[in-house]
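Under UniProt numbering, the sequence shown has 95 at position 95, and the numbering climbs by one with no breaks.
In what follows, a single structure is set out as structure tokens and then discussed.
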Amino acid sequence: MRMRRESAIQCHVKLHVPLIKLVKESNLEQKGKLRVEVADNYTAPAENDVKLIRAKEHRLSLTCVCISKDSEFAFTGCKSGSVIKWSLREKKKLGSLTYKTHSKYITGGVTSIAITTDSKYLATSDSSPDIQIWDPHTMKHVYTFKGHIKMLLYATTSFRPEHSNVAWRQKWEW
Numbered sequence: 001m002r003m004r005r006e007s008a009i010q011c012h013v014k015l016h017v018p019l020i021k022l023v024k025e026s027n028l029e030q031k032g033k034l035r036v037e038v039a040d041n042y043t044a045p046a047e048n049d050v051k052l053i054r055a056k057e058h059r060l061s062l063t064c065v066c067i068s069k070d071s072e073f074a075f076t077g078c079k080s081g082s083v084i085k086w087s088l089r090e091k092k093k094l095g096s097l098t099y100k101t102h103s104k105y106i107t108g109g110v111t112s113i114a115i116t117t118d119s120k121y122l123a124t125s126d127s128s129p130d131i132q133i134w135d136p137h138t139m140k141h142v143y144t145f146k147g148h149i150k151m152l153l154y155a156t157t158s159f160r161p162e163h164s165n166v167a168w169r170q171k172w173e174w
């Protein structure tokens with residue numbers, strides 16, 4: 001009798017483990033904290049499908065990249081303080097923001113970049129404590145979110161669909 005009860009409990013638990021895992025993953029995904037290993041599923045593109053594109057505005061190494069939801073455009077940022085808009089379909093540069101031309105808004109190397117899911121806003125952060133908001137279509141400045149007085153050691157900027165495309169920045173203060 002005791003053996004049957006233990007085996008029934010084990011069977012009951014085994015049936016619910018996938019459900020518990022699914023609920024846990026769903027909860028983590030809603031919070032933006034779900035980590036999924038995808039490297040094993042990655043397939044590298046064929047060598048003839050890869051095109052190396054260079055831009056004189058990116059004088060130093062790239063620090064960040066984001067791609068529009070429709071995969072039409074990519075935006076890259078670099079240590080020299082430039083942001084470039086790329087056409088992924090045409091494989092060419094469409095526009096740029098540089099430290100020289102936009103020094104009022106870009107004060108150093110671009111540390112992070114993000115685009116809203118509706119492609120209405122592009123956010124960048126650099127060595128300043130501010131987040132800059134740009135129109136990704138015209139590459140014109142829209143707004144500055146003022147930040148902290150202290151220098152930021154590292155920052156990430158992103159848009160969360162569950163928060164109505166509100167920009168946020170995770171920071172570690174120096």
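Glycine residues also receive a C-beta, built at the ideal position from the N, C-alpha and C atoms.
**OP:** Consult DSSP for Ala-39 and reduce its assignment to one of helix, strand or coil.
**Re:** Locating residue 39 in the sequence shown gives position 39, counting from the first residue. Helix at Ala-39.
Original post:
Does the beta-carbon distance from Cys-78 to Val-110 come in below 8 Å?
Top reply: Along the sequence shown, one-based indexing puts residue 78 at 78. Along the sequence shown, one-based indexing puts residue 110 at 110. Yes, the pair counts as a contact, with Cβ atoms nearer than the cut-off.
Original post:
Buried or exposed: Ile-115, going by 16 or more other Cβ atoms within 10 Å of its Cβ?
Top reply: Position 115 of the sequence shown holds residue 115. Flag for Ile-115 reads buried.
**OP:** Closer than 8 Å by C-beta to His-102: which residues in its own chain qualify, once you throw out the five before and the five after it? Chain order, please.
**Re:** To locate residue 102, count along the sequence shown from 1; it is residue 102. Only His-141 meet the Cβ criterion.
Original post:
How far does the beta strand (DSSP E) with Val-142 in it reach, from first residue to last?
Top reply: Reading the sequence shown from its first residue, position 142 is the one you call residue 142. Run containing Val-142: 140-145, per the beta strand (DSSP E) assignment.
**OP:** Mind checking which residues open and close the beta strand (DSSP E) that includes Lys-92?
**Re:** In the sequence shown, counting from the first residue as 1, residue 92 sits at position 92. Unbroken beta strand (DSSP E) run through Lys-92: 92-97.
Original post:
Got a sec, what are the start and stop residues for the beta strand (DSSP E) residue 199 sits in?
Top reply: Only positions 1 to 174 of the chain appear in this structure, which leaves residue 199 out of reach.
Original post:
CB-CB under 8 Å to Lys-146, same chain, minus the five flanking residues each way: which ones, in chain order?
Top reply: In the sequence shown, the residue the question calls residue 146 occupies position 146. Correct list, in chain order: Pro-129 and Asp-130.
Subject >> Nearest-angstrom beta carbon gap, Ser-82 and Leu-97 [assumed within contact, 8 Å] >> reply: Indexing the sequence shown from 1 puts residue 97 at position 97. Indexing the sequence shown from 1 puts residue 82 at position 82. Their Cβ separation, rounded to whole angstroms, is 7 Å, which keeps Leu-97 and Ser-82 in contact under 8 Å.
**OP:** State the DSSP-derived secondary structure class of residue 181, mapped to helix, strand or coil.
**Re:** An answer regarding residue 181 cannot be provided, because it is not within the stretch 1 to 174 covered by the chain.
**OP:** Specify, as a first and last residue, the run of the beta strand (DSSP E) that Leu-122 falls within.
**Re:** Within the sequence shown, numbered from 1, the residue matching residue 122 stands at position 122. That run of the beta strand (DSSP E) goes 122-125.
Original post:
Taking Cβ positions, are Ile-84 and Lys-93 nearer each other than 8 Å?
Top reply: Here the question's residue 84 lines up with position 84 in the sequence shown. Here the question's residue 93 lines up with position 93 in the sequence shown. The answer is yes: Cβ separation under 8 Å.
Original post:
Taking only beta-carbon atoms, is Ile-131 less than 8 Å away from chain E?
Top reply: Checking the listed chains, one finds no chain E in this structure; it contains a single protein chain.
Original post:
What is the residue span of the beta strand (DSSP E) that Leu-62 lies within?
Top reply: Translated into positions along the sequence shown, residue 62 becomes position 62. Its beta strand (DSSP E) spans residues 62-67.
Subject >> Per-residue DSSP class, three states only, for Tyr-105 >> reply: Within the sequence shown, numbered from 1, the residue matching residue 105 stands at position 105. If DSSP states are grouped into helix, strand and coil, Tyr-105 belongs with coil.
Subject >> Contact belief for Pro-136 with Ser-112 at Cβ below 8 Å, rounded distance in angstroms >> reply: Reading the sequence shown from its first residue, position 136 is the one you call residue 136. Reading the sequence shown from its first residue, position 112 is the one you call residue 112. Actually they are not in contact, since the Cβ atoms of Pro-136 and Ser-112 sit about 15 Å apart, beyond 8 Å.
Original post:
Would you call Ile-20 buried or exposed, if buried means 16 or more other Cβ atoms sit within 10 Å of its Cβ?
Top reply: As a working mapping, residue 20 is identified with position 20 in the sequence shown. Flag for Ile-20 reads exposed.
Original post:
What does DSSP give as the partner residues of Lys-85 in its beta bridges?
Top reply: Here the question's residue 85 lines up with position 85 in the sequence shown. Answer by DSSP bridge pairing, in chain order: Phe-75 and Gly-95.
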